[in-house]
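Numbering (our numbering), first residue to last: 329 to 367.
Written out as structure tokens, the structure is:
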């Protein structure tokens with residue numbers, strides 16, 4: 329997953345909006361999978 333983040337960062341340059349959107353989507357995905365695993 330880190331490789332995908334690095335590739336996106338390199339492609340987008342310093343586009344913080346896209347990076348922030350990717351981070352929030354990644355956090356939502358992690359939280360959803362975590363809740364599915366626990367509950």
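Think of the CB as a built atom: it goes at the ideal place given N, C-alpha and C, for glycine as much as any other residue. Just so you know, these numbers come straight off a predicted model, no measurement behind them.
- Item | Within 9 Å, strictly: CB atoms of residue 336 and residue 347 | yes
- Which residue from 364, 354, 362 puts its Cα closest to that of residue 330? 354
- Query: Cβ of residue 350 within 9 Å of Cβ of residue 333?
  - Reply: yes
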